[in-house]
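Participant:
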Amino acid sequence: MNTRQFLGLDDALAVLRSTVAVLPASYETIAIAAAANRIVARRVDAPIDVPPFAASAMDGYAVCTRDPIFNGAPPYVLALHGESRAGAPLRDAARVDHAVRIFTGAVIPPRCDSIVIQEDVERTGDSVRLSERPRAGSNVRPPGHDVARGTALCDAGTRLGPFDLAWMTACGLTTIDVRAKVRLALFSTGDELRNAGDSLGSGQIYDANRFVLQQLLRDAPVAITDLGILPDEPARIEATLRTAAAAHDAVLTSGGVSVGDADYVRAIVERLGRIEFWKIAIKPGKPFAYGRIGACHFFGLPGNPVSTIVTFLMLVKPILAQLGGARPDAPSTIPAALGVDVAHDRGRVEYQRGAFANVAGRLVVEPTSDQSSNRIGSFRGANCLIEIARDSGDLARGDTVAILPLTGLLS
Ligand code: AMP
Ligand code: MG
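With our numbering applied, the sequence shown closes on residue 421, and no number is skipped along the way.
(1) Where do the ends of the beta strand (DSSP E) carrying glutamate 360 lie?
(2) Entirely within the stretch 284-362 and at least 3 residues each: give me those beta strand (DSSP E) ranges in chain order.
(3) With a threshold of 7 Å (Cβ to nearest heavy atom), would glutamate 243 be considered close to ligand 1?
(4) Could you tell me which residues DSSP puts in a beta bridge with tyrosine 86?
(5) Does ligand 2 have a heavy atom nearer than 7 Å to the CB of glycine 313?
(6) At a cut-off of 7 Å, would you count threonine 199 as near ligand 2, judging by its Cβ distance to the nearest heavy atom?
(7) Under the DSSP definition of a beta bridge, which residues are partnered with aspartate 236?
(8) Given this structure, state the Cα-to-Cα distance separating proline 85 from cysteine 181, to the nearest angstrom.
(9) Compute the beta-carbon to beta-carbon distance between alanine 65 and threonine 161, rounded to the nearest angstrom, for a pair I have assumed lies under 8 Å.
(10) Name the DSSP beta bridge partners of leucine 26, please?
(11) For isoleucine 285 versus arginine 276, is the C-beta distance shorter than 8 Å?
(12) Under 8 Å: do the stretch 32-48 and the stretch 175-190 share three or more Cβ pairs, one atom per stretch?
(13) With aspartate 102 as the anchor, note down where its alpha helix (DSSP H) starts and where it stops.
(14) Out of Val106, Asp123, Ala96, state which residue places its alpha-carbon closest to the alpha-carbon of valine 87.
(15) So, under 8 Å CB-CB, proline 315 and proline 297 are touching, yes? Tell me the CB distance rounded to an integer number of Å.
(16) For proline 377, list the residues DSSP reports as bridge partners.
(17) Tell me, please, whether the CB atom of histidine 108 is closer than 8 Å to any CB atom in chain C?
(18) Please report how far the alpha carbon of alanine 22 lies from the alpha carbon of phenylalanine 309, in whole angstroms.
(19) For phenylalanine 366, count the other beta carbons within 10 Å of its own beta carbon; 16 or more makes it buried, fewer makes it exposed. Which is it?
(20) Between which residues of its own chain and valine 350 is the CB-CB distance below 6 Å, once the five residues before and five after are set aside?
(21) Is it a yes or a no for the stretch 193-212 touching the stretch 224-237, going by three-plus beta-carbon pairs under 8 Å?
(22) Using the rule of at least 16 other Cβ atoms within 10 Å of the residue's Cβ for burial, across every protein chain shown, is isoleucine 278 buried or exposed?
(23) Quick one: what's got a C-beta closer than 7 Å to phenylalanine 322's C-beta in the same chain, skipping five residues either side?
(24) Using the Cβ count rule (16 or more neighbours within 10 Å means buried), how would you classify phenylalanine 16?
(25) Go ahead and pull the three-state DSSP assignment for serine 388.
(26) Please return the same chain residues whose Cβ sits closer than 7 Å to the Cβ of arginine 143, not counting the five positions on each side in sequence.
(27) Could you have a look at glycine 154 and say whether DSSP puts it in helix, strand or coil?
(28) Within the same chain, show all residues whose beta-carbon is closer than 6 Å to that of leucine 395, passing over the 5 residues directly before and after it, in chain order.
(29) Got a sec: does ligand 1 put a non-hydrogen atom nearer than 7 Å to the Cβ of asparagine 219?
(30) Whose C-alpha, out of Thr253, Pro244, Val261, Ala190, is nearest the C-alpha of arginine 220?
(31) Taking glycine 266 and threonine 199 to be in contact with their CB atoms under 8 Å, please state how far apart those CB atoms are, rounded to whole angstroms.
(32) In whole angstroms, give me the CA-to-CA distance for lysine 327 and arginine 159.
(33) Given a threshold of 16 other Cβ atoms within 10 Å of its Cβ, counted over all protein chains shown, does glutamate 397 qualify as buried or as exposed?
(34) Asparagine 384: beta carbon under 7 Å from a heavy atom of ligand 1?
(35) Mind checking who cysteine 164 pairs with in its DSSP beta bridge?
(36) If we count the other Cβ atoms within 10 Å of its Cβ and call it buried at 16 or more, is serine 421 buried or exposed?
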């Protein structure tokens, strides 16, 4: 195979990154409780200090280090006056040369500036004995200690995770402006394909790609229109692409972008709009097509399921995120040592399904079973993709490779 004229994966990504602009801003205001994984439309600033008041970090006794009693040398015996509990502050002022019983999260009484933890005092009836001089500010959380009013809780382009949402909730917010979901039309092509649940005729197989793509997009801010399976009939494919492109931001298909007699999809996109590129130096997955039909982006994935999955993860998922306004981020890679020899022909970057483990403090990775691109089974037991560089030859056990943990790729 002459792979020299194929576009490198990084080049393909660079073209996609620069041609796929963020969708024209369309925002919606939604409940924070429903905002997981959505993309922040506008920076959110903290409306209040958290905590809103100076609070005690410990259970103990509040004192004022400027009180006359502390002019002398320790120990100090102070009479107790009053109590400040979380949610029930001391009602009157703290008395000079007295201590106030206080609990974690309670308001520091006015005048007090130090909390002596209860383990450090000797309590006798209504007085406490401190054997050391209290330090101003000890165990005091100033207002805004967690979040200061006006600080950015999250910037535009952030994909909201549990901690962002927790932070906003802790500031009392209940709604947030997020970007509209990307409208994506999805279909599979192939005369041989049937839906799970239907019976199989001779030569037929079940459509795996549409289902796995939906699963891979489950948490993404994407609204999928499932257009089902299309047979290899140019007229139907053309009509479907035309209407889908008019009503969606992107169309995602699998199958029919290769060079076989029944591979019509690419030629039809070329007729309706244009194809930017369609051969990428990646294994599995060489026939990956990207184009435009009007303002709609077209992503044509290869038919073999593993090729579909790998090209989707490496090329489509990040670009859909960009389209939806997310700040770009590259999947994290980790170096690991190969546990076995791995053969590789130069020319295409390869992503093998692998399993890595910590072996005596070192990450060791091995490919899972037979790596043929039709075998979804190669994901069995896999927890990463093993990246083998385009220009790498065969690799030997012990060689270092980059691995992409599936936890990162799938999130
Ligand atoms: P194609 O790219 O259409 O030539 O398909 C390449 C291979 O992938 C063929 O063996 C197809 O039967 C298979 N294939 C295509 N689409 C799917 C699908 N949705 N689910 C499972 N296998 C598929
Ligand atoms: Mg086909």
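Even for Gly, the Cβ is constructed at its ideal location relative to N, Cα and C. Since this is a predicted model, take the numbers as computed values, not measurements.
Facilitator: The relevant details are as follows:
(1) It spans 359-369 - the beta strand (DSSP E) in which glutamate 360 sits, taken as one unbroken run.
(2) List check, beta strand (DSSP E) in window: 284-287, 299-303, 306-311, 344-348.
(3) No - ligand 1 has no heavy atom lying nearer than 7 Å to the Cβ of glutamate 243.
(4) As DSSP reads the structure, tyrosine 86 sits in a beta bridge with Leu140.
(5) Between ligand 2 and glycine 313, a heavy atom-to-CB distance of less than 7 Å is present.
(6) At least one heavy atom of ligand 2 falls within 7 Å of the beta-carbon of threonine 199.
(7) Bridge partners of aspartate 236: Leu196.
(8) If you draw a straight line from the Cα of proline 85 to the Cα of cysteine 181, it is about 41 Å long.
(9) Here alanine 65 is actually not in contact with threonine 161; their C-beta atoms are around 18 Å apart, not less than 8 Å.
(10) The partner list for leucine 26 (beta bridge, DSSP) is empty, contrary to what the question assumes.
(11) One thing to note: isoleucine 285 has its Cβ within 8 Å of the Cβ of arginine 276.
(12) Judged by pairs of C-beta atoms under 8 Å, the stretch 32-48 touches the stretch 175-190, as three or more such pairs exist.
(13) Unbroken run through aspartate 102: none, as it is neither H nor E.
(14) Check the Cα spacing between valine 87 and each of Val106, Asp123, Ala96: the tightest is with Val106.
(15) 14 Å between Cβ atoms; not a contact.
(16) In the DSSP assignment, proline 377 forms a beta bridge with Gly364.
(17) Absent from the structure: chain C. Only one protein chain is present.
(18) Straight-line Cα distance between these residues: approximately 12 Å.
(19) Phenylalanine 366 counts as buried, since at least 16 other C-beta atoms from the protein chains shown sit within 10 angstroms of its C-beta.
(20) Taken in chain order, the residues that qualify are Glu376, Arg407.
(21) Pairwise C-beta distances place the stretch 193-212 in contact with the stretch 224-237, as three or more of them are shorter than 8 Å.
(22) By the 10 Å Cβ count, isoleucine 278 comes out buried.
(23) Closer than 7 Å at Cβ, skipping near neighbours: Leu223, Leu226, Leu311.
(24) Phenylalanine 16 should be labelled buried.
(25) DSSP, read as helix, strand or coil, puts serine 388 in helix.
(26) Closer than 7 Å at Cβ, skipping near neighbours: Phe80, Pro84.
(27) Secondary structure of glycine 154 (DSSP, three-state): coil.
(28) Correct list, in chain order: Tyr361, Leu414.
(29) Short note on asparagine 219: C-beta closer than 7 Å to some heavy atom of ligand 1.
(30) The candidate whose alpha carbon is nearest that of arginine 220 is Val261.
(31) Taking 8 Å as the upper bound for CB-CB distance, glycine 266 and threonine 199 are in contact here, some 4 Å apart.
(32) Straight-line Cα distance between these residues: approximately 35 Å.
(33) Burial of glutamate 397 is indicated by the presence of at least 16 other C-beta atoms within 10 angstroms of its C-beta.
(34) Because some heavy atom of ligand 1 lies under 7 Å away, the Cβ of asparagine 384 counts as near it: yes.
(35) Residue pairing of cysteine 164 in beta bridges, as defined by DSSP: Val54.
(36) Taking a 10 Å sphere around the C-beta of serine 421, we find fewer than 16 other C-beta atoms and assign the residue as exposed.
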